[in-house]
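Chains as they are written, first to last, in our numbering: chain H, 627 to 718; chain U, 2 to 491.
Every residue gets a Cβ at the ideal spot worked out from N, C-alpha and C, and that includes glycine.
As the structure is a prediction and not an experimental result, all values here were calculated from the model.
Before any comments, here is the structure.
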């Protein structure tokens, strides 16, 4: 059972604001979604440990210096930048 | 019912025979987009200038008598979660409006090197999270056979454009059915390749252990052409394997006499009557082609849907952590602290379904719930994968419905998230197991909406499933293929 407090707690972890008027509806919807997900706890079949998909192995490359993306291009997508740096507010 | 129009193969022939120039062809498509897109809402960004520039290059080659590659000069589209250098890529989310990638997705590099003519970027459910395309911040794409119905999702825009003849083909992405389901709803072909076969470099991530890029086309032959062109090993994607030297075109038209085709009873429960009848009919078609039908079962499949939602949301909650307003995309304009800036940016930038999935993902990964949900879902994933592997010891391929129902009416399940999730019932097991599957048209329901048949195979068996799909299409095409009234008639 999901409570209003659960929603506020996970919203804080996920860095999302939940407005007071959204809270009741969201609690109801999330309860339905979690009840849906709960089916995994009623599964009556033998489970298998899962490692990765298709037995993939990590693909390594040799550690050679290659050109990287240009700083001035990367910074273009930021709304706030200064002299090649992203600008954020100072922590209080 | 009639023959597919505007296929890659036909357009290529017209270009080679100089019946039409690439510029004329491109303009024809752009004009039709101009006429139809208001109704279909397939495109969210039209790249006319780039398209005409590429067309000019192709015409110059043709004028010099040079040979052109099969995909060269063919008008196409990309789902708007595939990065295109210098061209806005939004994932149909407010949080990425205005974002212009500074590199190309590898799949787009492959197609661009063949002078593919990109007409524009197409609509999707926000961050590919949805089954109707209606969670897009641009509004949903409509079904090209009847605009009262949805195109499906999440690759609804590509499917609406290809089904509506305003693109010859497109690339979509499939995390839980997002290529196959809309292809089925729009009466066309969609392939979800084996996990690792196609590079995801430049695909904006939703759930990384499930996402795959694949083609959406009008015919199986076109799907084979596009798949062969994009399934190359890519050092920029650490899960990349390429197609392991298994091209699909050489064996596409082989006989399937003696092929063992499985039907799982789990796929045949909880589906609509007309859908069940179409799959039964497909079974008879395959028998007449000399295939052997094996009725079998995989009980673990019934847990695929909750397993999928737990794992996909968990991965999404982590992947979407990057949208903080600092480096790209939308940023709130009123805030006092960095925490407030991030919370407000994310809350104002993400839509309701995305927030719901981030919250569910955060919940199943949080202390106290990890073992009950995430770990349990991973263990069931292992069981589903093993189950499929065992099935493929006795069957070459499995056939199943692509979707338990035909296209939904617009807004049919609005406000009922779990009801919408049921459209993914038959498609998610494939993503969980990392195996390939293709959807081909197999009938038309009484309401005029197309029905799709799914052909599933073991990892890297794309040549086999496309061979089985081509044989089915060739045997049934004229009775199941429906041409949309929209778009270019070539």
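Where residue 341(U) and residue 349(U) are concerned, what is the direct C-alpha to C-alpha distance, given to the nearest angstrom?
12 Å
Is residue 630(H) close to chain U, meaning its C-beta is less than 8 Å from at least one C-beta of that chain?
no
Compute the Euclidean distance between the alpha carbons of residue 185(U) and residue 441(U), then round it to the nearest angstrom.
7 Å
Should the segment 399–411 of chain U be regarded as contacting the segment 267–279 of chain U, the criterion being three or more beta carbon pairs within less than 8 Å?
yes
Do the CB positions of residue 42(U) and residue 142(U) come within less than 8 Å of each other?
yes
Proximity test, Cβ basis, 8 Å: residue 201(U) and chain C
You won't find chain C in this structure, because its protein chains are H and U.
Quick check on DSSP: helix, strand or coil for residue 251(U)?
coil
Does the segment 382–392 of chain U come close enough to the segment 670–680 of chain H to have 3 or more Cβ pairs within less than 8 Å?
yes
Cβ-based burial, residue 175(U) [other Cβ within 10 Å; buried from 16]
buried
Which whole-angstrom value is the C-beta distance of residue 276(U) and residue 406(U), which I expect to be below 8 Å?
7 Å
Quick check: what's the CA-CA separation for residue 25(U) versus residue 156(U)?
28 Å
8 Å CB neighbourhood of residue 127(U) in its chain, flanking five on each side removed:
92, 93, 94, 136, 137, 138, 351, 352, 354 and 355
Check the Cβ of residue 348(U) against every Cβ in chain H and list those closer than 7 Å, keeping chain order.
642 and 643
Of all Cβ atoms in chain U, is any one closer than 8 Å to the Cβ of residue 715(H)?
yes
Is the beta carbon of residue 123(U) closer than 8 Å to that of residue 63(U)?
no
Chain-ordered neighbours of residue 703(H) on chain U, where CB pairs are closer than 9 Å
99, 100, 101, 102, 103, 328, 329 and 330
Please confirm whether residue 165(U) and residue 480(U) have their CB atoms less than 8 Å apart.
no
Beta-carbon separation (whole angstroms), residue 219(U) vs residue 438(U), contact threshold 8 Å:
Not a contact, Cβ separation roughly 18 Å.
Looking at residue 324(U): is its Cβ nearer than 8 Å to the Cβ of residue 358(U)?
no
Can you tell me whether DSSP reads residue 15(U) as helix, strand or coil?
helix
Are the beta-carbon atoms belonging to residue 199(U) and residue 213(U) less than 8 Å from one another?
yes
Does any CB atom of chain H fall closer than 8 Å to the CB of residue 126(U)?
no
Whole angstroms is fine: what's the gap from residue 61(U)'s alpha carbon to residue 255(U)'s?
37 Å
Contacts that residue 655(H) makes with chain U (C-beta to C-beta distance below 8 Å):
357 and 418
For the beta strand (DSSP E) that residue 190(U) lies in, which residues bound it at each end?
190–193
Can you find a C-beta in chain U that's less than 8 Å from the C-beta of residue 694(H)?
no
Taking 8 Å as the threshold (beta carbon to beta carbon), is residue 205(U) in contact with chain H?
no
Beta-carbon proximity check, residue 227(U) vs residue 474(U), cutoff 8 Å:
no
When burial is assigned at 16 or more other CB atoms within 10 Å of the CB, is residue 694(H) buried or exposed?
exposed
Does the beta-carbon distance from residue 238(U) to residue 202(U) come in below 8 Å?
yes
Spell out the partners DSSP gives residue 119(U) in its beta bridges.
77(U)
Spatially closest choice to residue 84(U) from 57(U), 106(U) and 292(U), by CA coordinates:
106(U)
Quickly, what does DSSP pair residue 451(U) with across the bridge? List them, please.
445(U)
Straight-line gap, residue 370(U) to residue 487(U) (C-alpha atoms, nearest Å):
49 Å
Three-state secondary structure (DSSP) at residue 295(U)?
strand
Return the residue from the list 66(U), 170(U) and 465(U) that minimises the CA-CA distance to residue 489(U).
170(U)
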